[in-house]
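Below is one structure; the comments refer to it alone.
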Amino acid sequence: MSNIRITKQFSFETGHALYGYDGKCKNVHGHSYKLSVTVIGTPITDRSNVKFGMVIDFTDLKKIVKEEIVDQFDHATVFNGTTPHIELANELMSRGHHVILVDYQPTSENMVVDFSQRIISRLPQGIMLFSLKLQETDSSFAEWYASDNMNSIL
Numbered sequence: 036m037s038n039i040r041i042t043k044q045f046s047f048e049t050g051h052a053l054y055g056y057d058g059k060c061k062n063v064h065g066h067s068y069k070l071s072v073t074v075i076g077t078p079i080t081d082r083s084n085v086k087f088g089m090v091i092d093f094t095d096l097k098k099i100v101k102e103e104i105v106d107q108f109d110h111a112t113v114f115n116g117t118t119p120h121i122e123l124a125n126e127l128m129s130r131g132h133h134v135i136l137v138d139y140q141p142t143s144e145n146m147v148v149d150f151s152q153r154i155i156s157r158l159p160q161g162i163m164l165f166s167l168k169l170q171e172t173d174s175s176f177a178e179w180y181a182s183d184n185m186n187s188i189l
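As structure tokens, then:
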């Protein structure tokens, strides 16, 4: 049986600021992110299985990505908690804002690595994350490919 890739797309709104950056993105701002998640596997061949012919049910993939990424990051503000932005984050949290503190600069590049780890940890046996594409604007995106990261996956 052939390996097949399937992709599901997601959208969410997230704010962030890049501490120490020398451009406009040092200011708190937001993006309408689009995330494309591609997994690879062999379609189920057991005719008695309700998922017969599927690599993974799109609903199951959606549940994983919603729980690990969309539900957590949508309408949140992400700050690197290892910088002085922690003070701003604490102030916002004290006023009831949804803030996520990460240990990296919250660029699309670093976020897509974080997202890959979150998704990989939840995929069922036999299904592998093939790639992620995190689109920050209509013309700017970061991509993660398993083939480029074999050492970090193992």
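Counting from 1 along the sequence shown, just add 35 to a position and that's the residue number in the numbering used here.
Where is the CB? At the ideal position from N, CA and C, for every residue including glycine.
Express the C-alpha separation of S67 and I41 in angstroms, rounding to a whole number. Rounded to whole angstroms, I41 to S67 spans 23 Å at the Cα level.
Can you check the segment 62–114 for any alpha helix (DSSP H) of at least 4 residues that lies completely inside it and give the ranges in chain order? 93–100, all fully within the segment 62–114.
Tell me whether G50 is buried or exposed, calling it buried when 16 or more other Cβ atoms sit within 10 Å of its Cβ. So G50 counts as buried.
Does the Cβ-Cβ distance between F47 and V100 come in under 7 Å? It is not a contact, given that the beta carbons lie outside the stated cut-off.
Mark H120 as exposed unless 16 or more other C-beta atoms lie within 10 angstroms of its C-beta, in which case mark it buried. So H120 counts as buried.
Bridge partners - T42, DSSP secondary structure assignment: Under the DSSP definition of a beta bridge, T42 partners with T73.
Spell out a yes or no on whether the segment 72–83 and the segment 120–134 are touching, meaning 3 or more CB-CB pairs, one atom from each, closer than 8 Å. Look at the beta carbons and you see the segment 72–83 not touching the segment 120–134: under three pairs across the two are nearer than 8 Å.
Spatial neighbours of S151 in its chain, beta-carbon cut-off 7 Å, leaving aside the 5 residues before and after: L164, L167 and W179.
Look at the alpha carbon of G65 and the alpha carbon of T112, and state the distance between them as a whole number of angstroms. Straight across, the Cα-Cα distance linking G65 with T112 is about 8 Å.
Residue range of the alpha helix (DSSP H) that L190 falls in? The structure shown has nothing for residue 190, since the chain only spans 36 to 189.
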